[in-house]
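Engineer:
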Amino acid sequence: MNIIIQYVNMDSSESLSNYTKEKLQKLAKRYDWLIGCDVFFKQDNNQKEQGKICNMELSLPGPKIFATSTEKNFEAAVKETINDLDIQLKKRKQTFSTH
Numbered sequence: 004m005n006i007i008i009q010y011v012n013m014d015s016s017e018s019l020s021n022y023t024k025e026k027l028q029k030l031a032k033r034y035d036w037l038i039g040c041d042v043f044f045k046q047d048n049n050q051k052e053q054g055k056i057c058n059m060e061l062s063l064p065g066p067k068i069f070a071t072s073t074e075k076n077f078e079a080a081v082k083e084t085i086n087d088l089d090i091q092l093k094k095r096k097q098t099f100s101t102h
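For the sequence shown, the working numbering assigns the number 4 to the initial residue and increments by one for each residue that follows.
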């Protein structure tokens, strides 16, 4: 799976990139038909406690799948976003298997 990570208006982090890639590779092992993922990290300065935003867009056969989450830190945002994607992928897999 091709993974592209972008940091919007903030410095990049090698450890966060590695953490994100590791989590996405686990997802790719379960769903071998995934093509790629675009990941965007942003910081919302208006929110004091929760301002770390993670957006993910999965490319796969059919329509793309999107998920986003806002948490206290980026690692928690990545985990929550991937959980949301996993739920959507399970639903998509069920529609594949019924045809």
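Where a beta carbon is used, it is the ideal one built from N, C-alpha and C, also for glycine.
Is there contact here, the region 10-18 with the region 61-74, by at least three beta-carbon pairs under 8 angstroms?
Structural biologist: no
Engineer: For the beta strand (DSSP E) holding S16, just list the boundary residues, first then last.
Structural biologist: Position 13 of the sequence shown, counted from the start, is the residue given in the question as residue 16. Per DSSP, S16 lies in no beta strand (DSSP E) segment and is marked neither H nor E.
Engineer: Can the beta-carbon of Q9 be found closer than 8 angstroms to that of V42?
Structural biologist: Here residue 9 refers to the residue found at position 6 of the sequence shown. Here residue 42 refers to the residue found at position 39 of the sequence shown. Yes, these two residues count as a Cβ contact at 8 angstroms.
Engineer: If you run the structure through DSSP and keep just helix, strand and coil, what is Q53?
Structural biologist: Residue mapping note: residue 53 aligns to position 50 of the sequence shown, counting from 1. Coil.
Engineer: Relative to the C-alpha of F99, which residue among G65, M4 and Y22 is closest?
Structural biologist: Here residue 99 refers to the residue found at position 96 of the sequence shown. Here the closest residue by C-alpha is G65.
Engineer: Can you name, in chain order, every residue of its own chain whose Cβ lies under 7 angstroms from the Cβ of L61, other than the five neighbours on each side?
Structural biologist: For the purposes of this step, residue 61 is taken as residue 58 along the sequence shown, with counting starting at 1. The beta carbon of L61 lies closer than 7 angstroms to those of L37, C40, K67, I68 and L88 in the same chain, with the five residues before and after it left out.
Engineer: Count the other CB atoms within 10 Å of the CB of I56; is the residue buried (16 or more) or exposed (fewer)?
Structural biologist: Along the sequence shown, read from residue 1 onward, the residue named residue 56 stands at position 53. So I56 counts as buried.
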